[in-house]
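Novice:
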Amino acid sequence: MATPTVIDIPHTLGRDEAIRRMERGVGKLASHIPGGAATVTHSWPSAERLALTVATMGVEVPCTVDAEDNRLRVTLHLPGMVSLMSGPIAAIVEKQGERLMLDDKADRTI
Numbered sequence: 022m023a024t025p026t027v028i029d030i031p032h033t034l035g036r037d038e039a040i041r042r043m044e045r046g047v048g049k050l051a052s053h054i055p056g057g058a059a060t061v062t063h064s065w066p067s068a069e070r071l072a073l074t075v076a077t078m079g080v081e082v083p084c085t086v087d088a089e090d091n092r093l094r095v096t097l098h099l100p101g102m103v104s105l106m107s108g109p110i111a112a113i114v115e116k117q118g119e120r121l122m123l124d125d126k127a128d129r130t131i
């Protein structure tokens, strides 16, 4: 298995508010994945950890998002050839994560 891709997204919200925003946005995540046919399953293995599996174009990407007081730590397990795109994928995740943490509009999504 390839080395996980880890993205740190800083914030000043505190852990509870970061988790609230994650809870609010996770259901809308699939609509932001290119290709239009993505599915996202998620669970909360602990109060501070969101576990996701993003499936699109025949590829499943397991991810975790750990909420900390001053950052989100996103860990992506990119399979095979998808790992060659880790840089651009990480940049998109970071940008969208920053938007989620900075913007408190009710209609804003990841």
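FYI, the working numbering numbers position 104 of the sequence shown as 125, with every residue one higher than the one before it. Idealized CB from N, CA, C, for every residue including glycine. Predicted model, so just to flag it, every value in this text is computed and none were measured.
1. Is there at least one non-hydrogen atom of the ligand FMN closer than 6 Å to the beta-carbon of Ile28?
2. Taking the alpha-carbon of Ala58 as reference, which of Glu119, Glu115, Asn91 and Glu81 has the nearest alpha-carbon?
3. Going by DSSP, what residue range makes up the beta strand (DSSP E) through Glu81?
4. Can you find at least 3 beta carbon pairs, one from the segment 109-123 and one from the segment 31-51, that sit closer than 8 Å?
5. Please go through the same chain and pick out, in chain order, the residues whose beta-carbon is closer than 7 Å to the beta-carbon of Ala39, but skip the five residues on each side of it.
Specialist: Here's the rundown:
1. In terms of ligand content, the structure shown is empty, and the ligand FMN therefore cannot be addressed.
2. Glu81
3. Val80 to Ala88
4. yes
5. The beta carbon of Ala39 sits closer than 7 Å to the beta carbons of His32, Ala88, Leu93 and Met122 from its chain, once the five residues preceding and following it are set aside; these are given in chain order.
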